[in-house]
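Going by the UniProt record's numbering, 149 is the number at position 149 of the sequence shown; the sequence numbering is gapless. Below is one structure, written out as structure tokens, with a few remarks after it.
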Amino acid sequence: MFKFWYEFIPKATSVIEMGQGEIYYKKAVKPVLHSFMGSVFEEMCRYYTLMKGIMGEYGCFITSVGTWWGAENVRDKNGEIRSQSADIDVVALSETDKKAVVGECKFKNEKIDKGIYETLIRRGKLINAKYEVTKYIFFSLSGYTDWFAELADEDVLLLTLDSLYE
1 MFKFWYEFIP KATSVIEMGQ GEIYYKKAVK PVLHSFMGSV FEEMCRYYTL
51 MKGIMGEYGC FITSVGTWWG AENVRDKNGE IRSQSADIDV VALSETDKKA
101 VVGECKFKNE KIDKGIYETL IRRGKLINAK YEVTKYIFFS LSGYTDWFAE
151 LADEDVLLLT LDSLYE
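Okay, structure coming up:
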């Protein structure tokens, strides 16, 4: 709530004090609310991962959670290899076990598909070599395509917003 307050309220205190908060919401807040909530959702997912990791639910004792930014080499349409920026939304590390849990968060009105899965698996290999990635977690606002139903892998967790509150 604090993040929302500091992002939107100070910009419109006069409008809100005049009783026109609804107009401000419709014109300035609503158009960007979904985008704003994406980063909040990622923070929630990192917190959830740390909480479950401290309790040992990933087969290791998680000691830190954050985001990873770096670069990866990919092949373009012409077959040329080029470098592009890459990120992993959730990187949970176990310093005691030298294991890692990585995750992707999608706060979108579309289901996660195979391409997102393949990207996270590929990027998981970019994590520091001293950590073994033992679990892949996907967090989705809108669920998963049928492709995931065929994926029977105990190293992959498929979670939704509701899952974070169970």
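For glycine and all other residues, C-beta sits at the position ideal for the given N, C-alpha and C.
Under 8 Å between C-beta atoms of V91 and G66: Position 91 of the sequence shown, counted from the start, is the residue given in the question as residue 91. Position 66 of the sequence shown, counted from the start, is the residue given in the question as residue 66. It is a contact, given that the beta carbons lie within the stated cut-off.
Backbone CA spacing between K99 and K125 [nearest angstrom]: Looking up residue 99 in the sequence shown gives position 99. Looking up residue 125 in the sequence shown gives position 125. The straight-line gap from Cα to Cα measures roughly 12 Å.
The beta strand (DSSP E) enclosing F36, as first and last residue numbers: If you number the sequence shown from 1, residue 36 lands on position 36. No beta strand (DSSP E) holds F36; the alpha helix (DSSP H) holding it covers K30 to I54.
8 Å Cβ cutoff met for T96 and T145: As a working mapping, residue 96 is identified with position 96 in the sequence shown. As a working mapping, residue 145 is identified with position 145 in the sequence shown. Contact: no.
Y136 (DSSP reduced to helix, strand or coil): Against the sequence shown, residue 136 aligns to sequence position 136. Looking at Y136 - three-state DSSP - the assignment turns out to be strand.
Residue closest to G59, alpha-carbon to alpha-carbon, out of L141, F139, E132 and L159: For this step, residue 59 is matched to residue 59 along the sequence shown. The candidate whose alpha carbon is nearest that of G59 is E132.
Identified DSSP bridge partners for Y24: Against the sequence shown, residue 24 aligns to sequence position 24. DSSP output for Y24 lists no bridge partner at all.
Cutoff 6 Å; reference K111; Cβ partners in own chain excluding five residues on either side: One-based indexing of the sequence shown puts residue 111 at position 111. Counting only Cβ-Cβ distances below 6 Å, and skipping sequence neighbours, we find S142, G143, Y144 and T145.
C-beta atoms of K135 and D155 nearer than 8 Å: By 1-based counting over the sequence shown, the position of residue 135 is 135. By 1-based counting over the sequence shown, the position of residue 155 is 155. Yes, the pair counts as a contact, with Cβ atoms nearer than the cut-off.
Distance, K130 Cα to K30 Cα: Along the sequence shown, read from residue 1 onward, the residue named residue 30 stands at position 30. Along the sequence shown, read from residue 1 onward, the residue named residue 130 stands at position 130. In a straight line, the C-alpha of K30 is about 44 Å away from that of K130.
According to DSSP, residues forming a beta bridge with G103: By 1-based counting over the sequence shown, the position of residue 103 is 103. DSSP lists V90 and I137 as partners of G103.
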